[in-house]
Amino acid sequence: MRNKKDSLIAYFIKNEYFSGVLLLFCTILALIIANSNFASVYNHLLHEYLTIGYKEFSISMSVMHWINDGLMVIFFLVVGMEIKRELVIGELKSLKKAILPISAAIGGMIAPAIVYILFNYKEQTISGWGIPMATDIAFAIAILSLVGRKAPKGIVVFLTALAIVDDLGAILVIAIFYTNQIDFGSLCIGIITLIGLIIAGRFKVKSKLLYTVGGLILWISFLKSGIHATIAGVLLGMVLPVGENSEEFQESMLYKFEHILTPWSSLVIMPIFALANSGITIDFNSFSIIILSPVSLGIIFGLVIGKQLGIFGVSYILVKLNIAKLPSHVTKRHLYGASVLGGIGFTMSLFISSLTFSSDIDLLAAKTSILCASIISAVLGTIVFMFIEIKEKVKRV
(Lines of atoms letter the chains of each structure in order from A and count residues from 1; the text may use other names and numbers.)
(Lines give C-alpha, C1' and ligand atoms only; values in the text may rest on other atoms or scores of the structure.)
Protein backbone atom coordinates (compact mmCIF):
# COMPACT_ATOMS: atom_id res chain seq x y z
CA MET A 1 0.00 0.00 0.00
CA ARG A 2 2.84 2.34 0.95
CA ASN A 3 4.62 1.77 -2.40
CA LYS A 4 1.44 2.55 -4.34
CA LYS A 5 0.96 5.77 -2.41
CA ASP A 6 4.62 6.76 -2.97
CA SER A 7 4.38 6.00 -6.70
CA LEU A 8 1.21 8.13 -6.90
CA ILE A 9 3.03 11.06 -5.25
CA ALA A 10 6.03 10.54 -7.59
CA TYR A 11 3.72 10.49 -10.65
CA PHE A 12 1.98 13.67 -9.47
CA ILE A 13 5.25 15.53 -8.81
CA LYS A 14 6.76 14.46 -12.16
CA ASN A 15 3.63 15.66 -13.96
CA GLU A 16 3.64 19.00 -12.13
CA TYR A 17 7.36 19.47 -12.85
CA PHE A 18 6.93 19.14 -16.64
CA SER A 19 3.77 21.24 -16.47
CA GLY A 20 5.67 24.01 -14.67
CA VAL A 21 8.44 24.02 -17.27
CA LEU A 22 5.88 24.09 -20.10
CA LEU A 23 3.90 26.86 -18.36
CA LEU A 24 7.07 28.94 -18.11
CA PHE A 25 7.79 28.43 -21.82
CA CYS A 26 4.21 29.40 -22.84
CA THR A 27 4.28 32.46 -20.56
CA ILE A 28 7.51 33.70 -22.15
CA LEU A 29 6.14 32.93 -25.63
CA ALA A 30 2.92 34.88 -24.90
CA LEU A 31 4.96 37.87 -23.69
CA ILE A 32 7.12 37.78 -26.83
CA ILE A 33 4.07 37.57 -29.15
CA ALA A 34 2.20 40.35 -27.28
CA ASN A 35 5.18 42.67 -27.71
CA SER A 36 5.91 41.81 -31.35
CA ASN A 37 4.39 42.57 -34.76
CA PHE A 38 2.06 39.61 -34.22
CA ALA A 39 0.29 41.26 -31.26
CA SER A 40 -2.75 42.36 -33.30
CA VAL A 41 -3.19 38.85 -34.77
CA TYR A 42 -2.83 37.34 -31.27
CA ASN A 43 -5.48 39.67 -29.77
CA HIS A 44 -7.82 39.28 -32.76
CA LEU A 45 -7.65 35.48 -32.49
CA LEU A 46 -8.44 35.51 -28.76
CA HIS A 47 -11.49 37.75 -29.27
CA GLU A 48 -12.78 35.86 -32.32
CA TYR A 49 -16.19 34.28 -31.63
CA LEU A 50 -16.63 30.53 -31.93
CA THR A 51 -20.05 28.82 -31.99
CA ILE A 52 -20.53 25.17 -31.09
CA GLY A 53 -23.94 23.52 -31.52
CA TYR A 54 -27.00 24.27 -33.64
CA LYS A 55 -29.40 27.26 -33.36
CA GLU A 56 -30.96 27.41 -29.86
CA PHE A 57 -28.82 24.43 -28.80
CA SER A 58 -25.59 26.29 -29.48
CA ILE A 59 -23.07 28.12 -27.30
CA SER A 60 -21.26 31.13 -28.73
CA MET A 61 -18.23 32.61 -26.94
CA SER A 62 -14.94 34.25 -27.78
CA VAL A 63 -11.86 32.00 -28.00
CA MET A 64 -10.66 33.56 -24.72
CA HIS A 65 -13.94 32.61 -23.00
CA TRP A 66 -13.84 29.09 -24.48
CA ILE A 67 -10.42 28.72 -22.87
CA ASN A 68 -11.31 30.33 -19.51
CA ASP A 69 -14.88 28.97 -19.16
CA GLY A 70 -14.55 25.79 -21.23
CA LEU A 71 -11.10 24.21 -21.25
CA MET A 72 -10.39 25.35 -17.69
CA VAL A 73 -13.32 23.20 -16.52
CA ILE A 74 -11.02 20.19 -17.11
CA PHE A 75 -8.33 21.86 -14.98
CA PHE A 76 -10.85 22.45 -12.19
CA LEU A 77 -12.18 18.88 -12.56
CA VAL A 78 -8.63 17.62 -11.93
CA VAL A 79 -8.35 19.99 -8.93
CA GLY A 80 -11.65 18.60 -7.58
CA MET A 81 -10.38 15.03 -7.99
CA GLU A 82 -7.09 15.92 -6.26
CA ILE A 83 -8.98 17.45 -3.32
CA LYS A 84 -11.22 14.37 -2.93
CA ARG A 85 -8.28 11.97 -3.24
CA GLU A 86 -6.30 13.80 -0.56
CA LEU A 87 -9.34 13.99 1.76
CA VAL A 88 -10.24 10.29 1.43
CA ILE A 89 -6.91 8.43 1.13
CA GLY A 90 -4.20 11.10 1.05
CA GLU A 91 -2.36 13.53 3.30
CA LEU A 92 -5.57 15.32 4.35
CA LYS A 93 -7.31 12.14 5.58
CA SER A 94 -5.75 12.25 9.04
CA LEU A 95 -6.50 15.43 11.01
CA LYS A 96 -3.13 15.08 12.75
CA LYS A 97 -1.30 15.17 9.38
CA ALA A 98 -3.71 17.60 7.74
CA ILE A 99 -3.80 20.30 10.41
CA LEU A 100 -0.44 21.83 9.39
CA PRO A 101 -1.04 22.23 5.60
CA ILE A 102 -4.72 23.16 6.12
CA SER A 103 -3.90 25.84 8.72
CA ALA A 104 -0.93 27.09 6.67
CA ALA A 105 -3.13 27.33 3.56
CA ILE A 106 -5.81 29.28 5.46
CA GLY A 107 -3.14 31.65 6.83
CA GLY A 108 -1.68 31.88 3.32
CA MET A 109 -5.07 32.97 1.97
CA ILE A 110 -6.10 35.41 4.69
CA ALA A 111 -2.80 37.33 5.04
CA PRO A 112 -2.41 38.18 1.28
CA ALA A 113 -6.07 39.25 1.10
CA ILE A 114 -5.55 41.59 4.09
CA VAL A 115 -2.37 43.02 2.53
CA TYR A 116 -4.23 43.67 -0.74
CA ILE A 117 -7.14 45.34 1.10
CA LEU A 118 -4.70 47.64 2.96
CA PHE A 119 -3.34 48.91 -0.38
CA ASN A 120 -6.78 49.23 -1.99
CA TYR A 121 -8.85 50.50 0.93
CA LYS A 122 -11.59 52.89 -0.29
CA GLU A 123 -10.60 52.12 -3.92
CA GLN A 124 -12.95 50.56 -6.50
CA THR A 125 -10.28 47.92 -7.06
CA ILE A 126 -10.78 46.48 -3.55
CA SER A 127 -12.81 43.69 -5.21
CA GLY A 128 -9.50 42.16 -6.33
CA TRP A 129 -8.67 40.91 -2.81
CA GLY A 130 -9.09 37.30 -3.99
CA ILE A 131 -6.28 37.57 -6.57
CA PRO A 132 -3.22 37.07 -4.29
CA MET A 133 -4.85 34.23 -2.32
CA ALA A 134 -3.86 31.34 -4.61
CA THR A 135 -0.68 29.30 -5.08
CA ASP A 136 0.22 27.83 -8.48
CA ILE A 137 1.03 24.21 -7.65
CA ALA A 138 2.64 23.44 -11.04
CA PHE A 139 5.13 26.32 -10.89
CA ALA A 140 5.83 25.84 -7.16
CA ILE A 141 6.52 22.10 -7.51
CA ALA A 142 8.60 22.70 -10.67
CA ILE A 143 10.84 25.21 -8.86
CA LEU A 144 11.10 22.94 -5.81
CA SER A 145 12.02 19.97 -8.05
CA LEU A 146 14.76 22.03 -9.72
CA VAL A 147 16.37 23.69 -6.69
CA GLY A 148 15.32 21.43 -3.84
CA ARG A 149 16.35 18.09 -5.30
CA LYS A 150 17.83 17.05 -1.97
CA ALA A 151 14.92 18.48 0.04
CA PRO A 152 12.95 15.88 2.05
CA LYS A 153 9.86 14.43 0.38
CA GLY A 154 7.84 15.69 3.35
CA ILE A 155 8.20 19.33 2.24
CA VAL A 156 7.01 18.44 -1.29
CA VAL A 157 3.97 16.65 0.17
CA PHE A 158 3.36 19.62 2.51
CA LEU A 159 3.52 22.14 -0.37
CA THR A 160 1.27 19.94 -2.54
CA ALA A 161 -1.35 19.51 0.22
CA LEU A 162 -1.16 23.24 1.00
CA ALA A 163 -1.68 24.19 -2.66
CA ILE A 164 -4.66 21.81 -2.94
CA VAL A 165 -6.34 23.35 0.14
CA ASP A 166 -5.41 26.75 -1.32
CA ASP A 167 -7.17 25.81 -4.57
CA LEU A 168 -10.27 24.76 -2.62
CA GLY A 169 -10.28 28.16 -0.87
CA ALA A 170 -9.90 29.97 -4.20
CA ILE A 171 -12.75 27.92 -5.68
CA LEU A 172 -15.04 28.87 -2.78
CA VAL A 173 -14.08 32.53 -3.25
CA ILE A 174 -14.93 32.32 -6.98
CA ALA A 175 -18.27 30.58 -6.25
CA ILE A 176 -19.35 33.02 -3.52
CA PHE A 177 -17.85 36.39 -4.47
CA TYR A 178 -17.30 36.30 -8.24
CA THR A 179 -20.69 35.01 -9.39
CA ASN A 180 -22.97 37.18 -11.55
CA GLN A 181 -26.79 37.37 -11.51
CA ILE A 182 -28.28 33.90 -11.22
CA ASP A 183 -30.74 32.24 -13.63
CA PHE A 184 -32.55 29.93 -11.18
CA GLY A 185 -34.08 27.78 -13.95
CA SER A 186 -30.68 26.75 -15.27
CA LEU A 187 -29.37 26.43 -11.70
CA CYS A 188 -32.20 23.99 -10.83
CA ILE A 189 -31.25 21.79 -13.80
CA GLY A 190 -27.64 21.90 -12.59
CA ILE A 191 -28.60 20.98 -9.00
CA ILE A 192 -30.82 18.06 -10.15
CA THR A 193 -27.94 16.80 -12.34
CA LEU A 194 -25.52 17.16 -9.43
CA ILE A 195 -27.83 15.19 -7.11
CA GLY A 196 -28.02 12.43 -9.75
CA LEU A 197 -24.20 12.36 -9.99
CA ILE A 198 -23.87 12.27 -6.17
CA ILE A 199 -26.24 9.25 -6.03
CA ALA A 200 -24.26 7.53 -8.82
CA GLY A 201 -21.04 8.24 -6.91
CA ARG A 202 -22.46 6.89 -3.62
CA PHE A 203 -23.49 3.66 -5.35
CA LYS A 204 -20.03 3.52 -7.02
CA VAL A 205 -21.50 3.37 -10.53
CA LYS A 206 -18.68 2.55 -12.97
CA SER A 207 -19.74 4.31 -16.16
CA LYS A 208 -17.46 6.88 -17.78
CA LEU A 209 -20.29 7.81 -20.17
CA LEU A 210 -22.68 8.61 -17.29
CA TYR A 211 -20.20 10.93 -15.55
CA THR A 212 -19.10 12.52 -18.86
CA VAL A 213 -22.67 13.29 -20.02
CA GLY A 214 -23.69 14.35 -16.49
CA GLY A 215 -20.63 16.60 -16.24
CA LEU A 216 -21.43 18.18 -19.62
CA ILE A 217 -25.04 18.93 -18.56
CA LEU A 218 -23.74 20.31 -15.25
CA TRP A 219 -21.26 22.59 -17.08
CA ILE A 220 -23.87 23.94 -19.54
CA SER A 221 -26.38 24.52 -16.69
CA PHE A 222 -23.85 26.44 -14.63
CA LEU A 223 -22.68 28.39 -17.69
CA LYS A 224 -26.28 29.48 -18.38
CA SER A 225 -27.09 30.08 -14.68
CA GLY A 226 -24.47 32.78 -14.03
CA ILE A 227 -22.47 30.69 -11.52
CA HIS A 228 -18.97 30.36 -12.91
CA ALA A 229 -18.94 27.29 -15.14
CA THR A 230 -15.60 26.01 -13.81
CA ILE A 231 -17.31 25.22 -10.47
CA ALA A 232 -19.08 22.40 -12.36
CA GLY A 233 -15.68 20.78 -12.90
CA VAL A 234 -14.81 20.92 -9.20
CA LEU A 235 -18.18 19.48 -8.16
CA LEU A 236 -17.90 16.62 -10.67
CA GLY A 237 -14.42 15.82 -9.37
CA MET A 238 -15.70 15.79 -5.78
CA VAL A 239 -18.58 13.34 -6.50
CA LEU A 240 -16.57 10.71 -8.41
CA PRO A 241 -16.21 7.47 -6.39
CA VAL A 242 -12.69 7.07 -4.96
CA GLY A 243 -12.81 3.91 -2.80
CA GLU A 244 -12.00 3.52 0.89
CA ASN A 245 -8.27 2.73 0.59
CA SER A 246 -5.34 2.65 -1.84
CA GLU A 247 -6.34 -0.77 -3.27
CA GLU A 248 -9.93 0.30 -4.00
CA PHE A 249 -8.65 3.64 -5.33
CA GLN A 250 -6.71 1.83 -8.10
CA GLU A 251 -10.04 0.47 -9.42
CA SER A 252 -12.13 3.62 -8.85
CA MET A 253 -13.67 5.96 -11.42
CA LEU A 254 -11.74 8.87 -9.91
CA TYR A 255 -8.43 7.07 -10.52
CA LYS A 256 -9.37 6.31 -14.14
CA PHE A 257 -10.52 9.87 -14.88
CA GLU A 258 -7.50 11.34 -13.08
CA HIS A 259 -5.00 9.29 -15.10
CA ILE A 260 -6.74 10.21 -18.37
CA LEU A 261 -7.26 13.93 -17.65
CA THR A 262 -4.28 14.99 -15.48
CA PRO A 263 -1.73 14.92 -18.35
CA TRP A 264 -4.19 16.81 -20.58
CA SER A 265 -4.81 19.39 -17.86
CA SER A 266 -1.13 19.83 -16.96
CA LEU A 267 0.50 19.56 -20.37
CA VAL A 268 -2.16 20.97 -22.74
CA ILE A 269 -4.88 23.03 -21.02
CA MET A 270 -2.76 24.98 -18.51
CA PRO A 271 -0.14 25.91 -21.16
CA ILE A 272 -2.96 27.08 -23.50
CA PHE A 273 -4.41 29.11 -20.61
CA ALA A 274 -0.97 30.66 -19.97
CA LEU A 275 -0.53 31.39 -23.68
CA ALA A 276 -3.93 33.14 -23.82
CA ASN A 277 -3.74 35.04 -20.51
CA SER A 278 -0.06 36.00 -20.19
CA GLY A 279 0.12 38.18 -23.29
CA ILE A 280 0.90 41.45 -21.52
CA THR A 281 1.93 44.37 -23.71
CA ILE A 282 4.80 46.01 -21.85
CA ASP A 283 5.02 49.78 -22.26
CA PHE A 284 8.17 50.85 -20.42
CA ASN A 285 7.01 54.49 -20.48
CA SER A 286 3.98 53.66 -18.32
CA PHE A 287 5.44 50.61 -16.52
CA SER A 288 6.32 52.56 -13.36
CA ILE A 289 2.76 53.98 -13.20
CA ILE A 290 1.21 50.51 -13.62
CA ILE A 291 3.52 48.78 -11.14
CA LEU A 292 2.97 51.48 -8.49
CA SER A 293 -0.84 51.38 -8.76
CA PRO A 294 -2.80 50.14 -5.70
CA VAL A 295 -3.77 46.97 -7.62
CA SER A 296 -0.15 46.09 -8.42
CA LEU A 297 1.20 46.93 -4.97
CA GLY A 298 -1.59 44.95 -3.29
CA ILE A 299 -0.92 41.88 -5.45
CA ILE A 300 2.90 42.02 -5.27
CA PHE A 301 3.07 42.58 -1.51
CA GLY A 302 0.18 40.15 -0.99
CA LEU A 303 1.89 37.30 -2.85
CA VAL A 304 5.50 38.00 -1.85
CA ILE A 305 5.05 39.15 1.78
CA GLY A 306 1.49 38.09 2.68
CA LYS A 307 2.03 34.47 1.65
CA GLN A 308 5.21 34.21 3.74
CA LEU A 309 3.53 35.77 6.79
CA GLY A 310 0.45 33.59 6.47
CA ILE A 311 2.02 30.22 5.64
CA PHE A 312 5.20 30.38 7.72
CA GLY A 313 3.69 32.44 10.54
CA VAL A 314 0.75 30.09 11.16
CA SER A 315 2.94 26.97 10.74
CA TYR A 316 5.58 28.28 13.14
CA ILE A 317 2.98 29.08 15.83
CA LEU A 318 1.29 25.66 15.52
CA VAL A 319 4.62 23.80 15.72
CA LYS A 320 5.80 25.97 18.63
CA LEU A 321 2.58 25.25 20.56
CA ASN A 322 2.86 21.49 19.76
CA ILE A 323 -0.53 21.62 18.02
CA ALA A 324 1.08 20.29 14.83
CA LYS A 325 4.33 18.53 13.93
CA LEU A 326 6.69 19.14 11.03
CA PRO A 327 6.83 16.30 8.47
CA SER A 328 9.72 13.85 8.79
CA HIS A 329 13.20 15.39 8.13
CA VAL A 330 11.61 18.80 7.43
CA THR A 331 13.17 21.80 9.19
CA LYS A 332 11.84 25.32 9.76
CA ARG A 333 14.15 26.45 6.93
CA HIS A 334 12.40 24.06 4.52
CA LEU A 335 9.07 25.36 5.79
CA TYR A 336 10.13 28.95 5.14
CA GLY A 337 11.33 28.05 1.64
CA ALA A 338 7.96 26.45 0.89
CA SER A 339 6.14 29.54 2.20
CA VAL A 340 8.17 31.72 -0.17
CA LEU A 341 7.31 29.45 -3.13
CA GLY A 342 3.67 29.75 -2.04
CA GLY A 343 3.84 33.30 -3.41
CA ILE A 344 3.87 31.95 -6.98
CA GLY A 345 0.23 32.73 -7.74
CA PHE A 346 0.07 32.63 -11.53
CA THR A 347 -2.68 30.32 -12.95
CA MET A 348 -5.42 30.77 -10.32
CA SER A 349 -4.46 34.43 -9.70
CA LEU A 350 -4.67 35.20 -13.43
CA PHE A 351 -8.00 33.38 -13.55
CA ILE A 352 -9.49 35.36 -10.64
CA SER A 353 -8.16 38.64 -12.08
CA SER A 354 -10.01 37.92 -15.35
CA LEU A 355 -13.24 37.54 -13.32
CA THR A 356 -12.60 40.62 -11.18
CA PHE A 357 -11.72 43.49 -13.50
CA SER A 358 -13.60 44.72 -16.55
CA SER A 359 -11.24 47.69 -16.92
CA ASP A 360 -8.33 46.96 -19.29
CA ILE A 361 -5.99 49.16 -17.21
CA ASP A 362 -6.78 47.32 -13.95
CA LEU A 363 -6.54 43.94 -15.68
CA LEU A 364 -3.16 44.89 -17.18
CA ALA A 365 -1.94 46.02 -13.74
CA ALA A 366 -3.16 42.75 -12.20
CA LYS A 367 -1.53 40.53 -14.84
CA THR A 368 1.75 42.48 -14.75
CA SER A 369 1.96 42.34 -10.95
CA ILE A 370 1.03 38.63 -10.80
CA LEU A 371 3.89 37.93 -13.21
CA CYS A 372 6.33 40.14 -11.24
CA ALA A 373 5.30 38.68 -7.86
CA SER A 374 5.57 35.11 -9.16
CA ILE A 375 9.07 35.77 -10.54
CA ILE A 376 10.17 37.42 -7.26
CA SER A 377 8.78 34.50 -5.21
CA ALA A 378 10.40 31.93 -7.51
CA VAL A 379 13.81 33.67 -7.30
CA LEU A 380 13.61 34.12 -3.50
CA GLY A 381 12.46 30.50 -3.06
CA THR A 382 15.38 29.32 -5.20
CA ILE A 383 17.83 31.33 -3.06
CA VAL A 384 16.36 29.92 0.19
CA PHE A 385 16.62 26.29 -0.95
CA MET A 386 20.13 26.84 -2.36
CA PHE A 387 21.13 28.34 1.00
CA ILE A 388 19.65 25.30 2.83
CA GLU A 389 21.63 22.94 0.57
CA ILE A 390 24.88 24.87 1.18
CA LYS A 391 24.27 24.82 4.96
CA GLU A 392 23.68 21.06 4.88
CA LYS A 393 26.86 20.49 2.84
CA VAL A 394 28.87 22.53 5.36
CA LYS A 395 27.37 20.46 8.21
CA ARG A 396 28.38 17.20 6.52
CA VAL A 397 31.97 18.49 6.12
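In our numbering, the protein residues as written are 477 to 873.
Beta carbons are placed, not taken as given, at the ideal position from N, Cα and C, and that holds for glycine.
Other residues of its chain near V564: CB distance less than 6 Å, five sequence neighbours each side excluded: As a position in the sequence shown, residue 564 is number 88, starting the count at 1. Closer than 6 Å at Cβ, skipping near neighbours: V718.
In chain order, each alpha helix (DSSP H) run of at least 4 residues that lies wholly inside the stretch 530-595: 548-564
Rounded C-alpha distance that separates G857 from I864: Taking the sequence shown and counting its residues from 1, one reaches residue 857 at position 381. Taking the sequence shown and counting its residues from 1, one reaches residue 864 at position 388. Their backbone Cα atoms lie some 11 Å apart in a straight line.
Best match in V780, I787, V790 for proximity to L847 [C-alpha to C-alpha]: Here the question's residue 847 lines up with position 371 in the sequence shown. Among V780, I787, V790, the Cα nearest to that of L847 is on V780.
Bounding residues of the beta strand (DSSP E) (the contiguous stretch that carries L779): Walking along the sequence shown from the start, residue 779 turns up at place 303. Element bounds for L779: n/a, residue is neither H nor E.
Segment contact, 8 Å Cβ cut-off, at least three pairs: the stretch 666-679 with the stretch 741-751: no
Proximity of W695 and V549 at Cβ, strictly below 8 Å: Stepping through the sequence shown from its first residue, residue 695 is reached at position 219. Stepping through the sequence shown from its first residue, residue 549 is reached at position 73. Result yes, Cβ atoms of W695 and V549 sit closer than 8 Å.
Alpha-carbon spacing of I736 relative to Q726, whole angstroms: As a first step, residue 736 must be located in the sequence shown, where it is residue number 260. As a first step, residue 726 must be located in the sequence shown, where it is residue number 250. So the two alpha carbons sit approximately 13 Å from each other.
Sequence-distant residues of the same chain with beta carbon closer than 7 Å to M557, five excluded per side: Taking the sequence shown and counting its residues from 1, one reaches residue 557 at position 81. Hits under 7 Å: G713, L716, L730, F733, E734.
Delimiting residues of the alpha helix (DSSP H) encompassing Y731: Within the sequence shown, the letter at position 255 stands for residue 731. It spans 729-740 - the alpha helix (DSSP H) in which Y731 sits, taken as one unbroken run.
DSSP three-state assignment for Y525, whether helix, strand or coil: Locating residue 525 in the sequence shown gives position 49, counting from the first residue. DSSP places Y525 in strand when its eight states are reduced to three.
Cβ-based burial, Q657 [other Cβ within 10 Å; buried from 16]: Residue numbering aside, residue 657 sits at position 181 when the sequence shown is read from its first letter. So Q657 ends up on the exposed side.
Which of helix, strand or coil DSSP assigns to V806: Walking along the sequence shown from the start, residue 806 turns up at place 330. If DSSP states are grouped into helix, strand and coil, V806 belongs with coil.
Candidates S825, G583, P628: closest to G782 by CA position: Taking the first residue of the sequence shown as 1, we reach residue 782 at position 306. The residue with the shortest Cα to Cα distance from G782 is G583.
DSSP state of K598 mapped onto helix, strand, coil: Walking along the sequence shown from the start, residue 598 turns up at place 122. In this structure, K598 counts as coil in the three-state DSSP scheme.
Residue from I543, A639, L547, E562 with nearest C-alpha to M585: Numbered from its first residue, the sequence shown carries residue 585 at position 109. That would be A639, whose Cα lies nearest to the Cα of M585.
Chain C within 8 Å of P803, Cβ atoms only: Absent from the structure: chain C. Only one protein chain is present.
Beta carbon of G529 nearer than 8 Å to that of A618: Taking the sequence shown and counting its residues from 1, one reaches residue 529 at position 53. Taking the sequence shown and counting its residues from 1, one reaches residue 618 at position 142. In this structure, A618 does not lie closer than 8 Å to G529 by Cβ.
Contacts around I707, its chain only, beta-carbon distance under 8 Å, and the 5 residues preceding and following it disregarded: Here residue 707 refers to the residue found at position 231 of the sequence shown. So the list reads F552, I647, I650, A651, F698, once near-sequence residues are dropped.
Separation of S835 from M477, as counted between CA atoms: Position 1 of the sequence shown, counting from 1, holds the residue named residue 477. Position 359 of the sequence shown, counting from 1, holds the residue named residue 835. Here the model assigns M477 a pLDDT of 49, short of 50, so the residue's position is not dependable and the matter cannot be decided.
Reference Q600, options I866, T832, N798, closest by Cα: Within the sequence shown, numbered from 1, the residue matching residue 600 stands at position 124. Nearest of I866, T832, N798 to Q600, Cα basis: T832.
At least 3 beta-carbon pairs within less than 8 Å: the stretch 820-828 vs the stretch 789-803: no
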